[in-house]
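Structure first, then comments.
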Amino acid sequence: MEIAMKRRGLILGSSLLAVPALAQARWPDREVTVLVPFGAGGSTDVSVRAICAEAEKILGVPMQIVNRTGGQGTAAPTQVSQARPDGHTIGSAAMSGLAIAPHMFEVGYTLDSFAYLPGTARFLYGIGVRADSPYGSIQDLVNAAKARRITFSATGPPNNLGLFDLNRKYGTRFGFVPFQSGAEAVTAAIGGHVEATSQTPPEMIPAIQSGRMRMLASASPARWKEFPDVPTLREAGFDVTIESLLGFVAPRGVPAERLAVLGDAIQRAAAMPAVEEALGRFGMVPAIQTAPEFERAIREGFVRYGEQLREAGLARR
Amino acid sequence: MMDGLLQGFGVLMTFQNLSLCLIGAVLGTLVGVLPGLGPATTIALLLPISLKLDPTGAIILLAGIYYGVAYGGTITSVLMRIPGEASSVVTCIDGYAMARKGRAGAALGIAAIGSFIAGTFGVLGVMLLSPPLAELVIAFGPWEYAALMLAGLSLIAFFAASGVAKAALMALVGLFLGSVGLDPITGTSRFTFGIPALVDGVNIAPLALGLFGLSELLFLALSGDKKPEILRPPSTLLGFMPNRTEWKRSAMPIARGSVLGFFVGLLPGGGAVLASFLSYAVEKRLTKYPEEFGKGAIEGVAGPESANNSGTAGAFIPLLTLGIPSNAVTALLLGALLVHGVQPGPMILERQPELYWGVIASMYLGNFILLVLNLPFVGFFVRALEVPRRFMATAILLVCVIGTWSTGLNHFDVLLAAAFGIVGFLLRRGGFDLGPLVLAYVLGPTLERSLRQALLISDGDLTQVVHHPIALGFLIVSAAVLLSGLVFRKRPAVVQDGGS
């Protein structure tokens, strides 16, 4: 219904503009709709809004953000994949919707349903324990988990995949206890209901700053800027990282020159200081990738996460 | 503390913040009146606009919508048997029955006054008890939640007006409906039949609007051209108000609902909904007039409507002092704080006292505004009942369809609501209570998730519960509730909870 209405609008719009003199006009000539798979006010939404606020200055047309929630973050990519490939409908995309969800339940798209735009940001992950926990370092925690089962809280993948990878590569016995939201996962850890947590900065930072939680390692490729003394898992000697990126996709079939215009604007926007600041508030960092780099990262993530989810018994059969 | 509060009122007394408080309260009432359109949707819509405001102003506005909704949600429940919000589902039972007896004004009046008392009590609680109660929230883990949800479910013993077997059957249906969607532990889909719209589960809007609103429509349609039983409402303002007996009967339910709702609202999970059901069950147990429940007992409106308001205030404690949202709405408020660069947590009082106290002060004022706003309109709303039945029925249908559609912009939900309408009609004709179904539907997912989390933590060992005194306490309470509800109850007159 919604799509049908939009189509009617498009036909009307293009017939009005079908004047020869305007045919050569600069594209885009009207607004670009950006579908966001998560609700307003969350980390994805705020980051996308910050990037688009800069990108629309470069494009010279408004970018309209539409929060198309539902289907555990797969409703928006579904709608993007079915949109008219004229470049006026694009979507934000992350590992969760493109590289993880298809392994867990049926979705209405494949990786080939999209044309890829640049990647813009990276989510950060960290491993923490409650403040009075006996484990003072990530080595302590890993050694303990080699001796006995250690429970940890996290929301779904990819947050839990770092510790699963430790289990696989280093013979630890981390037991995953899923929680519905990051806040609940962190609360369970500071309340001593589970022994560790693997979450993102927005929930962990208040707990750490109030002295209830100790961060043991960053599970991302880089340290967190708030806690520069806490090493990454890799620096601590464990070959494990959680990689999750935020970028943009368009429906497959959008003309290459339009993709180039959009891609250029998004890439330049993501490098603006205002964007970095907005990302930082939600525990994300800029990670600018060209469209082919972003596509490769998503495709590699799809394969790697597929293996990890199957091994963890979380993939659908 | 008094200094803080004075500072808060100082922050509030600017033209901008006063207007935002008023706008929030008015919008909240409207959103509460419109079924389907909930506070979460509205706040999400307004969030981008609120970015243009300073953080204190933004939170004053958004919080106003949140607690304003708890006022407005009652109106359609009483007048049309359509729950404006999930937390007003239980009000449909006795509120609507009161309206049919010509006491719609009393029901709405007592709800508004109860809401004001409970809302103000809740803000007081936030102000005085925040730090110790934050510790209580942290002490709640999977075992404690599982046991609390079980205690909540045991309340169906009190809803079993139609007989224990029927109530238990309805609860099972509710549990099943709550289990549709992604498995909370493994994330794989259950009972979705390949329908993408079901991946997120059965939404509360089509369920509540269908079972209560649309089924009522079918009863209206079947009742033919009979004259509506609504008495002509009195023309003076005081005539709308509860009378002396009604006041006396409502005082204790309001007090109990306020305390109960505040503590339940603190905890993540079904907060306001659980609070309203809990209060209803408690009142039904304690009342001297159990035979009136289901037929228009004012306690069944006063208690739950107070409980759901103090619950909204209670939810601010974990939000502001721990940065832990206890429901979808406070999660959005947390997002709004983060967008403005405000990190909630114990430090908020030291770092942003003007925000903390400004918001607290705005909640006192907001509740007062809501009372002033709501009371004079009671008469206006009651007049809606004079609308001829055929127009009223059309309005109910329209409201239900739009309400269902607007929550997810999903036509599947509208079909689902239609199906629930027919199912609800048949169940009510068969003498089944719908209360246990909704209660189980709301509590079931949290019960399942918490129990499975607890079993994952204990490696499958159910006996570990003995190490959790709070959880054990709740289990004992559930057993006591079941016993007192099933074994020692007076044989009730069978209440037919079915239309005309």
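Those sequence lines, one after another, are chains A and B. According to my numbering, the stretch in the first sequence is residues 736 to 1052, in order. According to my numbering, the stretch in the second sequence is residues -9 to 490, in order. Glycine residues also receive a C-beta, built at the ideal position from the N, C-alpha and C atoms. Given the structure is predicted, the values throughout are model-derived calculations rather than measurements.
Member of the options whose CA lies at the smallest distance from the CA of residue i
| i | options | result |
| --- | --- | --- |
| residue 875 of chain A | A:851, A:1025, A:798, A:968 | A:968 |
| residue 437 of chain B | B:271, B:428, B:341, B:133 | B:133 |
| residue 135 of chain B | B:446, B:433, B:473, B:449 | B:433 |
| residue 126 of chain B | B:360, B:141, B:-5, B:255 | B:255 |
| residue 301 of chain B | B:443, B:57, B:452 | B:57 |
| residue 890 of chain A | A:907, A:870, A:761, A:924 | A:924 |
| residue 933 of chain A | A:913, A:870, A:788, A:856 | A:913 |
| residue 369 of chain B | B:282, B:94, B:325, B:250 | B:94 |
| residue 406 of chain B | B:185, B:270, B:-6 | B:185 |
| residue 869 of chain A | A:893, A:976, A:931, A:815 | A:931 |
| residue 802 of chain A | A:810, A:776, A:771 | A:771 |
| residue 551 of chain B | B:199, B:51, B:117 | Nothing in the structure corresponds to residue 551 of chain B, since chain B is present only between -9 and 490. |
Simplified DSSP state of residue i, which is helix, strand or coil
| i | result |
| --- | --- |
| residue 910 of chain A | strand |
| residue 277 of chain B | coil |
| residue 857 of chain A | strand |
| residue 1007 of chain A | coil |
| residue 849 of chain A | strand |
| residue 944 of chain A | helix |
| residue 801 of chain A | strand |
| residue 104 of chain B | helix |
| residue 1044 of chain A | helix |
| residue 965 of chain A | coil |
| residue -9 of chain B | coil |
| residue 863 of chain A | strand |
| residue 399 of chain B | coil |
| residue 749 of chain A | Here the model assigns residue 749 of chain A a pLDDT of 43, short of 50, so the residue's position is not dependable and the matter cannot be decided. |
| residue 711 of chain A | Outside the shown range of chain A, which is 736 to 1052, sits residue 711 of chain A, and nothing can be said about it. |
| residue 494 of chain B | Because chain B here runs from -9 to 490, residue 494 of chain B falls outside it and cannot be looked at. |
| residue 337 of chain B | coil |
| residue 179 of chain B | strand |
| residue 305 of chain B | coil |
| residue 144 of chain B | coil |
| residue 468 of chain B | helix |
| residue 950 of chain A | strand |
Listed by chain order, chain B residues near residue i by CB distance under 9 Å
| i | result |
| --- | --- |
| residue 839 of chain A | 172, 176, 177, 178, 179 |
Closer than 7 Å at the beta carbon, the chain A residues around residue i
| i | result |
| --- | --- |
| residue 421 of chain B | Going along chain A, no residue has its Cβ under 7 Å from residue 421 of chain B, so there is no contact; the nearest lies around 36 Å. |
| residue 139 of chain B | Those do not exist, as residue 139 of chain B stays about 14 Å from chain A at its closest Cβ, beyond 7 Å. |
| residue 184 of chain B | 841 |
| residue 335 of chain B | 941, 944, 945 |
| residue 314 of chain B | 918, 922 |
Cβ neighbours of residue i in the same chain (closer than 7 Å, five flanking residues each side left out)
| i | result |
| --- | --- |
| residue 909 of chain A | 880, 885, 887, 898, 901, 902 |
| residue 329 of chain B | 41 |
Contacts of residue i in chain B (Cβ-Cβ under 7 Å)
| i | result |
| --- | --- |
| residue 929 of chain A | 447 |
| residue 1049 of chain A | 176, 177 |
| residue 1060 of chain A | Look at the range of chain A in this structure, 736 to 1052, and you will see that residue 1060 of chain A is not part of it. |
Close beta carbons around residue i, own chain, < 8 Å, minus the five adjacent residues each side
| i | result |
| --- | --- |
| residue 796 of chain A | 763, 764, 765, 766, 767 |
| residue 905 of chain A | 877, 881, 973 |
| residue 965 of chain A | 861, 950, 951, 952, 953, 958, 959 |
| residue 1051 of chain A | 838, 839, 840, 841 |
Residue i: CB within 7 Å of a non-hydrogen atom of the ligand SAH
| i | result |
| --- | --- |
| residue 35 of chain B | By its list of ligands, the structure shown contains no ligand whatsoever, and the ligand SAH lies outside what it can speak to. |
Beta bridge counterpart(s) of residue i as assigned by DSSP
| i | result |
| --- | --- |
| residue 354 of chain B | None, per the DSSP bridge assignment. |
| residue 887 of chain A | A:911, A:931 |
| residue 985 of chain A | A:850 |
| residue 768 of chain A | A:799, A:824 |
| residue 1024 of chain A | A:854 |
Under 9 Å by beta carbon: chain A residues contacting residue i
| i | result |
| --- | --- |
| residue 408 of chain B | Ordered by position in chain A, no residue passes the 9 Å Cβ test against residue 408 of chain B, which lies about 16 Å from the chain. |
| residue 443 of chain B | 888, 912, 913, 914, 923, 928, 929 |
| residue 439 of chain B | 913, 914, 915 |
| residue 321 of chain B | 774, 776, 777, 916, 918 |
Chain B contact residues for residue i, given Cβ-Cβ distances below 8 Å
| i | result |
| --- | --- |
| residue 1016 of chain A | 328, 329, 331 |
Close beta carbons around residue i, own chain, < 6 Å, minus the five adjacent residues each side
| i | result |
| --- | --- |
| residue 784 of chain A | 800 |
| residue 834 of chain A | 1033, 1036, 1037, 1040 |
| residue 78 of chain B | 63, 64, 67 |
| residue 221 of chain B | Residue placement at residue 221 of chain B is flagged as unreliable, the pLDDT there being 48, under the threshold of 50; the coordinate-derived value follows with that caveat. So the list reads 92, once near-sequence residues are dropped. |
| residue 491 of chain B | Given a span of -9 to 490 for chain B in the structure shown, any question on residue 491 of chain B remains unanswerable. |
| residue 299 of chain B | 60, 105, 108, 109 |
| residue 339 of chain B | 346 |
Under 8 Å from the C-beta of residue i: neighbouring residues of chain A
| i | result |
| --- | --- |
| residue 190 of chain B | 805, 806, 807 |
CB contact below 8 Å: residue i versus chain E
| i | result |
| --- | --- |
| residue 1043 of chain A | The chain inventory of the structure shown lacks chain E, comprising the protein chains A and B. |
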